[in-house]
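*Asks:* Supplied in structure tokens, the structure appears directly below.
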Amino acid sequence: MQKKLLGNSYLLLVMILLYIPIIFLVVYSFNGGTIMSGWGGFSFVHYQELFADTRLLKILLDTFILAISSATIAAFIGTVGALFLDGIQNKKTLNTFLSFNNVLLVSPDVTIGVSFLILFTILGFSLGFVSVLVSHIAFSIPIVLLMVLPRLREMDNTLVMAARDLGAKRGTILSQIVIPEIWPSIMAGFLLALTYSLDDFAVTFFVTGNGFSTLSVEIYSRARQGVSLEINALSALMFAVSLLLVFTYYLYTTYADKKARLTK
Amino acid sequence: MKDNSRAKIFFAIPYISWLAVFVIVPIGLLIYQSLTNVQGSFTLANFHEFITSNVYLPMAFNSVFYALIITLITFMISFPAAYVLSHLKHRQLWLMLIILPTWINVLLKTYAFLGLLSKSGIINQLFSTFGLGTHNLLFNHVSFIFVAVYLELPFMLLPIYNSINEIDPDILKASRDLGAKPINTLSQLVFPLSINGIKSGIQAVFIPSLSLFMLTTLIGGNKVMTLGSAIELHFIVTQNWHMGSTIAIILILAMAVTMYFTRERGKRK
Numbered sequence: 001m002q003k004k005l006l007g008n009s010y011l012l013l014v015m016i017l018l019y020i021p022i023i024f025l026v027v028y029s030f031n032g033g034t035i036m037s038g039w040g041g042f043s044f045v046h047y048q049e050l051f052a053d054t055r056l057l058k059i060l061l062d063t064f065i066l067a068i069s070s071a072t073i074a075a076f077i078g079t080v081g082a083l084f085l086d087g088i089q090n091k092k093t094l095n096t097f098l099s100f101n102n103v104l105l106v107s108p109d110v111t112i113g114v115s116f117l118i119l120f121t122i123l124g125f126s127l128g129f130v131s132v133l134v135s136h137i138a139f140s141i142p143i144v145l146l147m148v149l150p151r152l153r154e155m156d157n158t159l160v161m162a163a164r165d166l167g168a169k170r171g172t173i174l175s176q177i178v179i180p181e182i183w184p185s186i187m188a189g190f191l192l193a194l195t196y197s198l199d200d201f202a203v204t205f206f207v208t209g210n211g212f213s214t215l216s217v218e219i220y221s222r223a224r225q226g227v228s229l230e231i232n233a234l235s236a237l238m239f240a241v242s243l244l245l246v247f248t249y250y251l252y253t254t255y256a257d258k259k260a261r262l263t264k
Numbered sequence: 001m002k003d004n005s006r007a008k009i010f011f012a013i014p015y016i017s018w019l020a021v022f023v024i025v026p027i028g029l030l031i032y033q034s035l036t037n038v039q040g041s042f043t044l045a046n047f048h049e050f051i052t053s054n055v056y057l058p059m060a061f062n063s064v065f066y067a068l069i070i071t072l073i074t075f076m077i078s079f080p081a082a083y084v085l086s087h088l089k090h091r092q093l094w095l096m097l098i099i100l101p102t103w104i105n106v107l108l109k110t111y112a113f114l115g116l117l118s119k120s121g122i123i124n125q126l127f128s129t130f131g132l133g134t135h136n137l138l139f140n141h142v143s144f145i146f147v148a149v150y151l152e153l154p155f156m157l158l159p160i161y162n163s164i165n166e167i168d169p170d171i172l173k174a175s176r177d178l179g180a181k182p183i184n185t186l187s188q189l190v191f192p193l194s195i196n197g198i199k200s201g202i203q204a205v206f207i208p209s210l211s212l213f214m215l216t217t218l219i220g221g222n223k224v225m226t227l228g229s230a231i232e233l234h235f236i237v238t239q240n241w242h243m244g245s246t247i248a249i250i251l252i253l254a255m256a257v258t259m260y261f262t263r264e265r266g267k268r269k
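The listed protein sequences correspond, in order, to chains A and B. Read in full-length UniProt numbering, the first sequence has 217 at position 217, and its numbers run on one by one without any break. Read in full-length UniProt numbering, the second sequence has 248 at position 248, and its numbers run on one by one without any break.
Structure below.
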């Protein structure tokens, strides 16, 4: 019993450590003062600052537009890629493809960033929103593929064969049987790609030009100049959004699981 | 099946073009840059300089050393935590609580430490109330390691937890019934049976630790140089892309070596 208590309090300590910085940020976003120490009374002044800071709000909007569009396109290409790999019978060929697929997943983000920078420079591609978008799509594709491919492999083929025997066209089979079956994994891949994009700093840092910035890059340059509690207000809002996203993801996956179990 | 070929090509084109343009070509370009000089002629001078100059090799060893320390500390914190976690009743909820901080932007979490560790920050206030005086907690090696451990912790904890969770509880019961001490059960059963999770944890922590460059600037105060910050320096500040690419190649090699040593061996089932 005593040992259990010891173990649980250890875990609790780790949890507290994990959450201290986040809680600290959120608490100080309500500080009336200007730095992350002392306490100048409870106030919403930094939230007002935040909502008056059009530059930061535009960057926030850009970050979300970037994340949603890159995740959508990556979900499409990743799924198409998974359908292609699913059709490969030769195990050796498949494994070769898979190891190339995983290169961007295991590579340090700095090397991805600089190699894309070299690529864009050699192609004469100007750095800005499009180069960042293309890079985010590029590093999200393998994630989507790894989510979708196992689901395709597990899929029961009898339905597809029955449909084919009954004369269904390939497009019909795809849209009526295959896509609905793998939809939860496509969504999971999309959400994962979304978080990768929102969280990315290193790749964006290298491939963005002067005109375009994402939240991570902006915080990096502001943090180098010192603390501003506006950033705290922003992180409190971001934390709320993350909570909402996690909750949605959790509900969605449990719902998808339940549905899958019921239909089986 | 021959009638499938057109559909196959349709599915293959976007994916294969992605593989070619964003996986194979960038690696090729990195290698090309590292093997050329400013005039564009082929040379091994960059690698030669990397090995012989008294800047790069010590920097690389330093970076590996820091990454090792970060990996070791995260492991020592994570392993017991994962073990305790696997015995809890509301595991799923606790797991969500561990995953949740990873959804918050890394830069925001790093930024929090600028406040926590600053001269007038909360930690220093605690120190002074206990009569320990205030210290320069930021911009040194310790703060760099501390914040890196904080950021990487969930990525070590989760894979270890997953593999401990897969261990058949009957095996642990049997070991207890046969009179094994808890410490022996832990070291001779739980540890070897969760080795694959530990290996993926090491991969997920060690490789990023070699390349964390925003931490070295924001928290390490440029006192710590990692392979990642050296690459950033060469690409952004000194604009020596050839040397930068050479370091990037070294980083990729370091990654490959890590992957080789932490690969899954002898999969039984």
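Glycine residues also receive a C-beta, built at the ideal position from the N, C-alpha and C atoms.
With a cut-off of 8 Å on the beta carbons, I'd call A:V148 and A:A82 a contact; round off their distance for me.
*Replies:* With a Cβ gap of about 4 Å, A:V148 and A:A82 count as contacting.
*Asks:* Measuring CB atoms only, is the stretch 163-179 of chain B touching the stretch 162-179 of chain A, in the sense that at least three cross pairs come out at less than 8 Å?
*Replies:* With a cut-off of 8 Å, the stretch 162-179 of chain A and the stretch 163-179 of chain B do not count as touching, because too few Cβ pairs lie within range.
*Asks:* In this structure, how does DSSP classify B:T262 when only helix, strand and coil are distinguished?
*Replies:* DSSP places B:T262 in coil when its eight states are reduced to three.
*Asks:* Specify whether the stretch 206-222 of chain A and the stretch 49-62 of chain A touch according to this definition: at least 3 beta carbon pairs, one from each stretch, less than 8 Å apart.
*Replies:* The stretch 206-222 of chain A, when compared against the stretch 49-62 of chain A, does touch it at the 8 Å Cβ threshold.
*Asks:* For the stretch 219-231 of chain B against the stretch 51-65 of chain B, do three or more pairs of beta-carbon atoms, one drawn from each stretch, fall closer than 8 Å, so that the two count as touching?
*Replies:* With a cut-off of 8 Å, the stretch 51-65 of chain B and the stretch 219-231 of chain B count as touching, because enough Cβ pairs lie within range.
*Asks:* Alpha helix (DSSP H) containing B:M156: first to last residue?
*Replies:* Segment H141 to N165, the alpha helix (DSSP H) holding B:M156.
*Asks:* Hey, could you find the ends of the alpha helix (DSSP H) residue 268 of chain A is sitting in?
*Replies:* Shown here, chain A extends from 1 to 264; a query on residue 268 of chain A therefore has no answer.
*Asks:* Give the residues from the stretch 108-128 of chain B that approach chain A closer than 9 Å (Cβ to any Cβ), ordered along the chain.
*Replies:* Those residues of the stretch 108-128 of chain B that come within reach of chain A (Cβ to Cβ, closer than 9 Å) are L108, K109, T110, Y111, A112, F113, L114, G115, L116, S118, K119, S120, G121, I122, N124 and Q125.
*Asks:* Within 8 Å of any Cβ in chain B, is that where the Cβ of A:M15 sits?
*Replies:* For A:M15, the answer is yes, since a Cβ of chain B falls inside 8 Å of its Cβ.
*Asks:* Considering only the alpha carbon of each residue, which of B:A256, B:L117 and B:I202 lies closest to B:I219?
*Replies:* The candidate whose alpha carbon is nearest that of B:I219 is B:L117.
*Asks:* Looking at the strands, I want to know which residues DSSP matches up with A:N31.
*Replies:* Looking at the DSSP assignment, A:N31 forms a beta bridge with A:F42.
*Asks:* For the alpha helix (DSSP H) that contains residue 293 of chain B, what are its first and last residues?
*Replies:* The displayed coordinates of chain B run from 1 to 269. Any statement about residue 293 of chain B would go beyond what the structure contains.
*Asks:* For A:A202 versus A:S140, is the C-beta distance shorter than 8 Å?
*Replies:* No, they are not a contact pair.
*Asks:* For B:F42, which three-state DSSP category applies?
*Replies:* Strand.
*Asks:* With 8 Å as the threshold, decide whether the Cβ of B:K269 is near any Cβ in chain A.
*Replies:* With a pLDDT of 41 at B:K269, under the threshold of 50, the predicted position of this residue should be treated as unreliable, though the coordinate-derived value follows. No, because no Cβ of chain A sits closer than 8 Å to the Cβ of B:K269.
*Asks:* Can at least three beta-carbon pairs, one atom from the stretch 153-160 of chain A and one from the stretch 94-111 of chain A, be found at a separation below 8 Å?
*Replies:* As far as the Cβ criterion goes, the stretch 153-160 of chain A does not touch the stretch 94-111 of chain A, which means the pair count is below three.
*Asks:* Would you kindly work out how many angstroms separate the C-alpha atoms of B:L30 and B:I167, rounded to a whole number?
*Replies:* Roughly 43 Å between the two C-alpha positions.
*Asks:* Just verifying my parser: in three-state terms, what is the DSSP assignment at A:T93?
*Replies:* Helix.
*Asks:* Buried or exposed for B:M156, please, with buried defined as at least 16 other CB atoms from any protein chain shown within 10 angstroms of its CB.
*Replies:* Classification of B:M156: buried, given that the 10 Å Cβ count is 16 or more.
*Asks:* Please decide whether A:A256 counts as near chain B, where near means a Cβ-Cβ distance under 8 Å.
*Replies:* No, A:A256 does not count as interfacial toward chain B.
*Asks:* Which first and last residues belong to the alpha helix (DSSP H) in which residue 286 of chain B is found?
*Replies:* Absent from the model: residue 286 of chain B. The displayed extent of chain B is 1 to 269, so no value can be given.
*Asks:* If I follow the unbroken alpha helix (DSSP H) through A:A168, where does it start and stop?
*Replies:* No alpha helix (DSSP H) contains A:A168, which DSSP labels as neither H nor E.
*Asks:* Would the beta-carbon of B:E264 fall within 8 Å of that of B:N222?
*Replies:* Not closer than 8 Å, so no.
*Asks:* Do A:L229 and A:T54 have their C-beta atoms closer together than 8 Å?
*Replies:* No, Cβ-Cβ distance for A:L229 and A:T54 is not below 8 Å.
*Asks:* Based on the DSSP secondary-structure assignment, which residues constitute the bridge partners of B:T36?
*Replies:* B:T36 is bridged to B:F42.
*Asks:* Within the stretch 180-215 of chain A, note down every full alpha helix (DSSP H) run reaching 4 residues or more, in order along the chain.
*Replies:* Here the runs fully enclosed are 202-207.
*Asks:* Are the beta-carbon atoms belonging to B:A112 and A:I22 less than 8 Å from one another?
*Replies:* Yes, the pair counts as a contact, with Cβ atoms nearer than the cut-off.
*Asks:* Distance, Cα to Cα, A:L198 vs B:R176?
*Replies:* Approximately 47 Å between the Cα atoms of the pair.
*Asks:* From B:I249 to B:L215, what does the alpha carbon distance come to, in whole angstroms?
*Replies:* Approximately 21 Å between the Cα atoms of the pair.
*Asks:* Would you tell me roughly how many angstroms separate the C-alpha atoms of A:V103 and B:V23, rounded to the nearest one?
*Replies:* In a straight line, the C-alpha of A:V103 is about 7 Å away from that of B:V23.
*Asks:* How many Å lie between B:N124 and B:S143 at the Cα?
*Replies:* Distance between the alpha carbons of B:N124 and B:S143 is about 13 Å.
*Asks:* Distance check for B:V190 and B:A180, CA to CA, integer angstroms please.
*Replies:* So the alpha carbons of these two residues sit roughly 13 Å apart.
*Asks:* Could you check the C-alpha separation between B:M76 and B:T217 for me, to the nearest Å?
*Replies:* Each residue's alpha carbon lies about 26 Å from the other.
*Asks:* Considering Cα atoms alone, identify which of A:T208, A:L119, A:T111 and A:Y196 is closest to A:I137.
*Replies:* For A:I137, the nearest C-alpha among the options comes from A:Y196.
*Asks:* Do you know how far the Cα of B:I247 is from the Cα of B:L44?
*Replies:* Spanning the two alpha carbons is a distance of roughly 13 Å.
*Asks:* Would you tell me roughly how many angstroms separate the C-alpha atoms of B:L132 and B:S120, rounded to the nearest one?
*Replies:* Rounded to the nearest angstrom, the two C-alpha atoms are 14 Å apart.
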